[in-house]
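Novice: Quick mapping for you: the protein sequence lines, in order, are chains A and B. Under our numbering, the first residue of the first sequence is numbered 8, with each subsequent residue one higher. Under our numbering, the first residue of the second sequence is numbered 14, with each subsequent residue one higher. Don't be surprised by glycine CBs; every beta carbon is placed ideally from N, CA and C.
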Amino acid sequence: MARIVSLAEAVEENVRDGDTVAMEGFTHLIPYAAGHEMIRQGRTDLFLVRMTPDILYDQLIGVGAARGMKFSWGGNPGVGSLHRFRDAVENQWPRPIEIEEHSHAAMANAYEAGAANLPFAAFRGYIGADLPKVNLNIGSVTCPFTGEVLAAVPAIRPDVTIIHAQRADRKGNVLIEGIVGVQKEAVLAARRSIVTVEEIVDELDPPSPNSVVLPGWAVTAVAHVPGGAFPSYAHGYYPRSNAFYIRWDEIARDRETFTAWIRENVLAAKPEDFARHAAKTAAKVA
Amino acid sequence: MTDFTPTEMMTIAAARALSNDDVCFVGIGAPSAACNVARLTHAPDITLIYESGTIGTKPDVLPLSIGDGELCDTALFTVSVPEMFRYWLQGGRITTGFLGGAQIDRFANLNTTVVGPYDHPKVRLPGGGGAPEIASNCGRIFITMALTKRGFVERLPFVTSMGHGEGGNHRERLGLSTSGPTRVITDLCILEPDPETKELTVVSMHPGIARDQIAGNCGWPIKFAETVIETPAPTETELVVLRDINARTKKAHGAAGKEAA
Chain A
8 MARIVSLAEA VEENVRDGDT VAMEGFTHLI PYAAGHEMIR QGRTDLFLVR MTPDILYDQL
68 IGVGAARGMK FSWGGNPGVG SLHRFRDAVE NQWPRPIEIE EHSHAAMANA YEAGAANLPF
128 AAFRGYIGAD LPKVNLNIGS VTCPFTGEVL AAVPAIRPDV TIIHAQRADR KGNVLIEGIV
188 GVQKEAVLAA RRSIVTVEEI VDELDPPSPN SVVLPGWAVT AVAHVPGGAF PSYAHGYYPR
248 SNAFYIRWDE IARDRETFTA WIRENVLAAK PEDFARHAAK TAAKVA
Chain B
14 MTDFTPTEMM TIAAARALSN DDVCFVGIGA PSAACNVARL THAPDITLIY ESGTIGTKPD
74 VLPLSIGDGE LCDTALFTVS VPEMFRYWLQ GGRITTGFLG GAQIDRFANL NTTVVGPYDH
134 PKVRLPGGGG APEIASNCGR IFITMALTKR GFVERLPFVT SMGHGEGGNH RERLGLSTSG
194 PTRVITDLCI LEPDPETKEL TVVSMHPGIA RDQIAGNCGW PIKFAETVIE TPAPTETELV
254 VLRDINARTK KAHGAAGKEA A
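1) Run through DSSP, which three-state label would B:L123 get?
2) Please compile the residues from chain A whose C-beta is within a distance smaller than 7 angstroms of the C-beta of B:I79.
3) Checking contacts by CB at 8 angstroms: is A:V141 closer than that to chain B?
4) Considering only the alpha carbon of each residue, which of A:A236, A:N180, A:R270 lies closest to A:H35?
5) When the cut-off is 8 angstroms and only beta carbons count, does A:D137 lie next to chain B?
6) Using only the alpha-carbon positions, how far apart do A:K72 and A:D26 sit?
7) Within the same chain, show all residues whose beta-carbon is closer than 8 angstroms to that of B:N275, passing over the 5 residues directly before and after it, in chain order.
8) What residues of chain A sit near B:L187, judged by a beta carbon separation below 9 angstroms?
9) When burial is assigned at 16 or more other CB atoms within 10 Å of the CB, is A:L125 buried or exposed?
10) Hey, A:Y118 and A:I163: beta-carbon distance below 8 angstroms or not?
11) Report the option in B:E209, B:K211, B:L204 whose CA atom is closest to the CA atom of B:M218.
12) Starting from the C-beta of B:V92, find all residues in its chain whose C-beta is less than 7 angstroms away, skip the five residues before and the five after it, and write them out in chain order.
13) At the 8 angstroms Cβ level, is A:H90 part of the contact set with chain B, yes or no?
14) Using a C-beta to C-beta distance shorter than 7 angstroms, which residues of chain B count as neighbours of A:Y244?
15) So that I know if they touch, is there some Cβ in chain B lying closer than 8 angstroms to that of A:N217?
16) Please report the distance separating the alpha-carbon of B:E209 from that of B:A115.
17) Alpha carbons only, please: which of A:E20, A:E279, A:V194 is nearest the one belonging to A:H43?
18) Starting from A:E257, trace the alpha helix (DSSP H) both ways and give me its first and last residue.
19) Taking A:V219 as the reference, which of A:G49, A:E192, A:H231 has the closest Cα?
20) Would you kindly work out how many angstroms separate the C-alpha atoms of B:E83 and B:L61, rounded to a whole number?
21) The region 44-65 of chain B: which residues have C-beta closer than 8 angstroms to a C-beta of chain A, in chain order?
22) Helix, strand or coil: which one does DSSP assign to A:N144?
23) Hey, could you find the ends of the beta strand (DSSP E) A:Q173 is sitting in?
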């Protein structure tokens, strides 16, 4: 049964140095507050997993928290490069980073295999592409029935998965709405999981019998962190700050401006500071 | 006729490639603008799909990312990312994939991964994202990117997603039954693969563009088809629709910023 705890406790109890950590949210519901808490607690030597390591992983890589990263698209969506990620790969600053690169289809299949307790995923992919030449974790498997050769990748089994969601009830049952990405699979593939939420409510009231719900007994910890997905967004709560994503390009371009930004906005901040972004905007909610 | 920029011509020429019956997997940036111009002009019933899981989306402003809330709010429905890639893309339901890229070669293979060696890259680019499987699983592929020497290169340092590979019947030899890239729309001209060799060949030049301009912006000795036509200039309607959506987009992204500051 999920424990409802503070974000600091959730990270303290569930994220260890050296862990394989998946933080998911496909442009939506990205667990920024949890990432900042990991930086404040000085977690290090992490192997980070994420389909689209955007600003959140740029921050974790830039402070030197990551020894490696498994990913499929490492950019600032619609803006350009992740400068901290590039600095780590191109110049080994602040430390070298081992990368394991895949395609989206591979990552999505690998999470699903993890959730399904399978050792690997098979799919029709990477045909004619160069990634299999540089990534030893891309193999192939022959279908025993048709003889077709398919791409194979190992299942993703994180030590801990961290996601953000709209709300949870007091038993820790979690509701996710909107672009649900790969979060359900990522949580079910992991040994432990942390879910930060916009609201904790008495009754979950899923809007449909087919809603995406993670039951409390499949989640390790739930923390109430309103605004915790900013500058990404929470469907039904607040919009994506495209302006911040654009501004990040300048902040992260330079090692000193980046470090100053982290000092001021992460190290000197606390999870409650995210609440100012949480103003519930009913507009455009279906 | 109003004046138009080369980028406007590119977006509009790209939009024209799409039809009302297309089910289109939309890449972010230039492809997204083109797909929505198509939807707002000659292809009102086109199905636009973004890899974030939004299906049948009708955004009023162009998304900055492939998962902006606008896409989900205006979609017919939204699925998980594994479902998107497994059932809809790998399942063969998508007629057209619309991609951009950092670099392309004469057989329309794309690189968005690295410049320089993979282990010690000179420039680390974002990577493939959905592109490797979009390129193989969609019925056909359109590509749109500006024609520059940096972008159109003799040899790719890395093949992120396969176009026509080494040319000829390379796709078939790898067991692919999809068509691969059938059109590349640039700011100066439109290219299509030669039916036999699959080498990209200029089939249409935008108004006012000369052959040496095209040749001078391409990293390999570019070929022209036997018959090269002139791309019809943008119509008043096409330009108004494109400029309106760009203006709405600029305003929306700026406004979101103020709110957040």
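Specialist: In short:
1) strand
2) T34, P84
3) yes
4) A:A236
5) yes
6) Looking at the sequence itself, residue 72 of chain A is Ala, so the reference to Lys does not match. In a straight line, the C-alpha of A:A72 is about 11 angstroms away from that of A:D26.
7) This structure leaves residue 275 of chain B out entirely; chain B is present only between 14 and 274.
8) I134, G135
9) exposed
10) yes
11) B:L204
12) G66, I68
13) no
14) Result: empty, since nearest Cβ-Cβ is about 10 angstroms, beyond 7 angstroms.
15) no
16) 26 angstroms
17) A:E279
18) 249-260
19) A:E192
20) 13 angstroms
21) E64, S65
22) coil
23) 167-176
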